Amino acid sequence: MRTDRTPMRLGALLPAPALGHHAAAWRHPDVRPERAFSFDHYRTLAQTAERGGLDFLLLGDSPGGQAVGDAARHGRDSAVAHLEPLTLMSALAVHTRHIGLAATATTTCAEPFALARTLASLDFLSGGRCGWHVAVPVSDAEARNFGMDRAPGEGMAYHRAQEFLEVTGRLWDCWEDDAFLYDQAGGRYVDPAKVHVPDHQGDHFRVRGPLTVPRPPQGRPVLLHPAAACADARELAAQWADVVLTGQRTVVRARAERHAWRALVADRDRDPDRVRILATVFLVTGRTRAEAEDTYAALQDLLDPAARLAVSGTAPSPAFLLGSATDVADELEEWFNQGAADGFVFLPGHLPAGLAALADLVVPELRRRGLVRSRYDGYTLRDHLGLARPGTAAVSGSGALLKRLSKHL
1 MRTDRTPMRL
11 GALLPAPALG
21 HHAAAWRHPD
31 VRPERAFSFD
41 HYRTLAQTAE
51 RGGLDFLLLG
61 DSPGGQAVGD
71 AARHGRDSAV
81 AHLEPLTLMS
91 ALAVHTRHIG
101 LAATATTTCA
111 EPFALARTLA
121 SLDFLSGGRC
131 GWHVAVPVSD
141 AEARNFGMDR
151 APGEGMAYHR
161 AQEFLEVTGR
171 LWDCWEDDAF
181 LYDQAGGRYV
191 DPAKVHVPDH
201 QGDHFRVRGP
211 LTVPRPPQGR
221 PVLLHPAAAC
231 ADARELAAQW
241 ADVVLTGQRT
251 VVRARAERHA
261 WRALVADRDR
271 DPDRVRILAT
281 VFLVTGRTRA
291 EAEDTYAALQ
301 DLLDPAARLA
311 VSGTAPSPAF
321 LLGSATDVAD
331 ELEEWFNQGA
341 ADGFVFLPGH
351 LPAGLAALAD
361 LVVPELRRRG
371 LVRSRYDGYT
381 LRDHLGLARP
391 GTAAVSGSGA
401 LLKRLSKHL
């Protein structure tokens, strides 16, 4: 049972494209699929989430697309094309003031210097609101779009991801916070003694550095990791994650999952209170339970006979909440008070209506119960999540990793 007064943390995941997480969402009469590539659509979604006081909006991605599936071959799958999320994040940062913005990016097909530079720049442009959803995909479809004949094996992909995160962490930390002097009278722009060249030479990457962006406002962007089942994925998240996205259908299993993650983080010499465990929730809600049930029934009726309910890949089995705002709040309150999650990431069934219902119906009910804050108290995504800004020594999640890296300094 939860005894502290820590507020519930809330986020929402936009699928790629942002039409909804139900497989037939794009066919619903309240959805306008022709707006899948319209910035106005995404701006409305971001501002709706901010109106609801959500801590962050997570932008999904699938660089390999879904073009190999049966539905795609027959032209029925909306996931065949979508906007690149990092570019989209930069535009949304200009049109929001408070909400955190996180984007999915893969370690399998990116380069650490380029991605570290982009994310650091986004953290500056957003005023410290940037997050990175760390993806380590192993699909052949994605690999073939990035010059590979096939995807690396799971072990190799996670070995690369581990080194990738070590390098990005060192790049974000290579400038000390007060390295830039801006001393016009003395003619000193930076203090050379406060820049530390990583000069990384590893199994997968050779990166000289330093990063051509100062240390980000948050120290480093917030790192979100999916709670994948494989041991390599869990090890990666335990060492690096600020936020772990879990997927369990019952409060009992979710509570056990949260406790397991906290223990795993502690085993890596990290403070589990500095990691947020958020449960993913597929959500269909309305003013009444009947309205929510009608919405879900309409979505189900639009499914292709061969299709089934599908949600994006942050977690294999998200909880499914269907009902009025009161029904949903009852369930969320139980999960939260039972210690099953530090908060929730919602997967609305169809957009934009599903996100508006979350912001205008569910969140006010949670606020009435004192479960979420009444306003944005801070400025950065770390502020929203109650996470401290890491010092420059906190490049890695374990002392062992720092020792291993020191040979390159």
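The UniProt record's numbering numbers the first residue of the sequence shown as 1 and each following residue consecutively. Cβ coordinates follow ideal geometry from the N, Cα and C atoms, glycine included. None of the values given here were measured: they were computed from a predicted structure.
{"query": "Reference Ala-263, options Gly-286, Ala-238, Ala-279, Arg-287, closest by Cα", "result": "Ala-238"}
{"query": "Residue range of the beta strand (DSSP E) that includes Arg-276", "result": "276-286"}
{"query": "Integer-rounded CB distance, given that Leu-181 should sit under 8 Å from Asp-191", "result": "6 Å"}
{"query": "C-beta contact flag for Leu-283 and Pro-348 at 8 Å", "result": "yes"}
{"query": "Own chain partners of Arg-117 with C-beta closer than 7 Å, once the 5 adjacent residues on each side are dropped", "result": "Leu-211, Thr-212, Val-213"}
{"query": "Length of the line joining the Cα atoms of Ala-46 and His-350", "result": "15 Å"}
{"query": "Spatial neighbours of residue 429 in its chain, beta-carbon cut-off 7 Å, leaving aside the 5 residues before and after", "result": "Residue 429 is absent from the model: the chain starts at 1 and stops at 409."}
{"query": "Buried versus exposed, by CB contacts within 10 Å (16 or more), Ala-388", "result": "exposed"}
{"query": "Completely contained beta strand (DSSP E) runs for the segment 138-187, where each covers 3 or more residues", "result": "180-183"}
{"query": "Cβ shell of Trp-261 (< 6 Å), same chain only, five flanking positions each side left out", "result": "Val-244, Ile-277"}
{"query": "Contact under 8 Å by Cβ, Val-328 with Thr-288", "result": "no"}
{"query": "Reference Leu-92; option with closest CA among Pro-17, Arg-368, Asp-40", "result": "Asp-40"}
{"query": "Whole-number beta carbon distance between Trp-335 and Pro-221, since they are thought to touch under 8 Å", "result": "That belief does not hold up - the Cβ atoms of Pro-221 and Trp-335 are roughly 27 Å apart, past 8 Å."}
{"query": "7 Å Cβ shell around Thr-44 - same chain, five flanking residues per side excluded", "result": "Pro-352"}
{"query": "Spatial neighbours of Arg-51 in its chain, beta-carbon cut-off 7 Å, leaving aside the 5 residues before and after", "result": "Ala-359"}
{"query": "Close-in-space but distant-in-sequence residues of the same chain around Ala-110 (CB under 8 Å, 5 per side omitted)", "result": "Phe-164"}
{"query": "DSSP state of Ala-201 mapped onto helix, strand, coil", "result": "Reading the sequence as shown, one finds Gln at residue 201 and not Ala. DSSP places Gln-201 in strand when its eight states are reduced to three."}
{"query": "Counterpart residues of Ser-324 in DSSP-defined beta bridges", "result": "Gly-286"}
{"query": "Whole-number beta carbon distance between Val-31 and residue 438, since they are thought to touch under 8 Å", "result": "This structure cannot speak to residue 438, because the chain is shown only from 1 to 409."}
{"query": "Beta-carbon proximity check, residue 412 vs His-28, cutoff 8 Å", "result": "Nothing in the structure corresponds to residue 412, since the chain is present only between 1 and 409."}
{"query": "Backbone secondary structure at Ala-36 - three-state DSSP", "result": "coil"}
{"query": "Assigned exposure category for His-225 - 16 Cβ within 10 Å defines buried", "result": "buried"}
{"query": "Own chain, CB closer than 7 Å to Asp-140, minus 5 neighbours either side, in chain order", "result": "Arg-150, Ala-151"}
{"query": "Short CB-CB distance (under 8 Å) between Gly-219 and chain B", "result": "Of the protein chains in the structure, only one exists, and it is not chain B."}
{"query": "Nonlocal neighbours in the same chain, by C-beta distance under 7 Å from Arg-369, ignoring five residues either side", "result": "Ala-329, Glu-333"}
{"query": "Distance CB(Thr-344)-CB(Leu-83) smaller than 8 Å", "result": "Going by the sequence as given, residue 344 is Phe instead of Thr. No, the Cβ-Cβ distance between Phe-344 and Leu-83 is not below 8 Å."}
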